[in-house]
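Heads up, the sequence shown is in UniProt numbering, so the first residue is 1 and it goes up one at a time.
Glycine included, each C-beta is placed from N, C-alpha and C at the ideal position.
Here the structure is a predicted model, which is why all the values come from computation and not from measurement.
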Amino acid sequence: MAQNLYGPGVRMGNWNEDIYLEEELMKDFLEKRAKGQLLIQRNRRLKENLLRPMQLSVSEDGYVRCGDKVMLVNPAHAEVEAHLFLGGDLSLCATPDEIKAHLSDELEVPCGLSAAQTGNPVGRNTFTILRADGNATGQVLRYGQDFCLATTGGFEDKMLYLSSDHRTLQKSSKRSLLQEAYLTDEVSYLSCWQAAFLDPQLRLEYEGAPVPANAKILIYHCRTNRGLAVHRHLFLSTYFGKEAEVAVHTHLDSHRVEKPSNHWMLVTGNPRKDSSAMLDLPKPPAEDPPALEQATDPGAQ
Numbered sequence: 001m002a003q004n005l006y007g008p009g010v011r012m013g014n015w016n017e018d019i020y021l022e023e024e025l026m027k028d029f030l031e032k033r034a035k036g037q038l039l040i041q042r043n044r045r046l047k048e049n050l051l052r053p054m055q056l057s058v059s060e061d062g063y064v065r066c067g068d069k070v071m072l073v074n075p076a077h078a079e080v081e082a083h084l085f086l087g088g089d090l091s092l093c094a095t096p097d098e099i100k101a102h103l104s105d106e107l108e109v110p111c112g113l114s115a116a117q118t119g120n121p122v123g124r125n126t127f128t129i130l131r132a133d134g135n136a137t138g139q140v141l142r143y144g145q146d147f148c149l150a151t152t153g154g155f156e157d158k159m160l161y162l163s164s165d166h167r168t169l170q171k172s173s174k175r176s177l178l179q180e181a182y183l184t185d186e187v188s189y190l191s192c193w194q195a196a197f198l199d200p201q202l203r204l205e206y207e208g209a210p211v212p213a214n215a216k217i218l219i220y221h222c223r224t225n226r227g228l229a230v231h232r233h234l235f236l237s238t239y240f241g242k243e244a245e246v247a248v249h250t251h252l253d254s255h256r257v258e259k260p261s262n263h264w265m266l267v268t269g270n271p272r273k274d275s276s277a278m279l280d281l282p283k284p285p286a287e288d289p290p291a292l293e294q295a296t297d298p299g300a301q
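Shown next as structure tokens:
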């Protein structure tokens, strides 16, 4: 029975060509590794930047200002439209495409958005409040004033702006097919937003008043006049796991009042410790109603 006694060690014909090819592949691999161009290295750098701890701005008077670094948080509430939903406080996060995230070490534009259960400020959920004209940094933000929300994603030389536009057949949110919210590197009227007071009956009275920090507000898109919303019952499979969809749509109840999915808080930093948010503060103990009634009842013994 004939046996093949030749191998790469013979260094003849095609076997010699295979040896040279393996050497070229190894040389190319070592060169890319030295330059940090391997997919696993680029993927690791992107993840490190997006999850880099950030420092939020501390509000001294209880109001937010242009130039402050904040987290956009949708407060926890019970979802009545579905039995499966993402609970807890959800923060607005930059969410790159899962395929592009494995091929690049930078945020591709346009970049997607989602809402995740992340309580600590990191690169992907920290936003900077900017005036629409880019001036007067440090000025108090007011209801009805145009402003922009920008994030660096943990990078030092990149600034992406929260934007939206009317939905089309080719461009809409992935699950609900409503108006899409995304991040882009171009500043335009599509990236302008306004803060609105929560109670619609007092909304006109609060026009021009300072926007409080860590309080529920509404965030409306200037061009389309629709509110930023979180769909807790619609899940997205992202690069960081299962997260909720973010869209631009105003959800109204039977009284024409915005639902909790449109509620947001501009969360500032906690002055008591570093790299934390005001969400970390313990809630005050609830008053005991029976004890309070007994103290106020003059006939109680």
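Put residue i into one of helix, strand or coil per three-state DSSP.
i      : result
Gly269 : strand
Glu17  : helix
Ala244 : strand
Arg203 : coil
Phe85  : coil
Ser164 : strand
Gly299 : With a pLDDT of 49 at Gly299, under the threshold of 50, the modelled position of that residue is not reliable, and no figure is offered here.
Phe213 : It is Ala, not Phe, that sits at residue 213 in the sequence shown. Ala213 falls in the coil class under three-state DSSP.
Locate the beta strand (DSSP E) running through residue i, then write down its first and last residues.
i     : result
Leu72 : Lys69 to Asn74
By a C-beta neighbour count over all protein chains shown, 10 Å radius and 16 as the cutoff for buried, is residue i buried or exposed?
i      : result
Phe127 : buried
Gln37  : exposed
Glu258 : buried
Asp68  : buried
Glu207 : exposed
Gly299 : With a pLDDT of 49 at Gly299, under the threshold of 50, the predicted position of this residue should be treated as unreliable, and no value is reported.
Leu39  : exposed
Val230 : buried
Met278 : buried
Pro53  : exposed
Leu252 : exposed
Pro271 : exposed
Val122 : buried
Phe147 : buried
Tell me the residue span of the alpha helix (DSSP H) that contains residue i.
i      : result
Glu156 : Here Glu156 belongs to no alpha helix (DSSP H), and DSSP marks it neither H nor E.
Arg256 : It is not in any alpha helix (DSSP H) - Arg256 carries neither H nor E in the DSSP assignment.
Going by Cα to Cα distance, which pick from the options is closest to residue i?
i      : options                           : result
Leu202 : Ile217, Ala82, Val58 and Val122   : Ile217
Arg131 : Leu90, Ser59 and Tyr161           : Tyr161
Asn225 : Phe235, Arg232, Tyr239 and Ala195 : Ala195
Is the region 87–104 in contact with the region 163–176, if contact means three or more CB pairs nearer than 8 Å?
no
Taking one C-beta from the region 141–158 and one from the region 207–223 each time, how about it: are there three or more such pairs within less than 8 Å?
yes
If we count Cβ pairs, one from each stretch, closer than 8 Å, do we get three or more for the region 220–229 versus the region 237–255?
yes
Between the region 257–270 and the region 70–77, can you find at least three pairs of beta-carbon atoms closer than 8 Å?
yes
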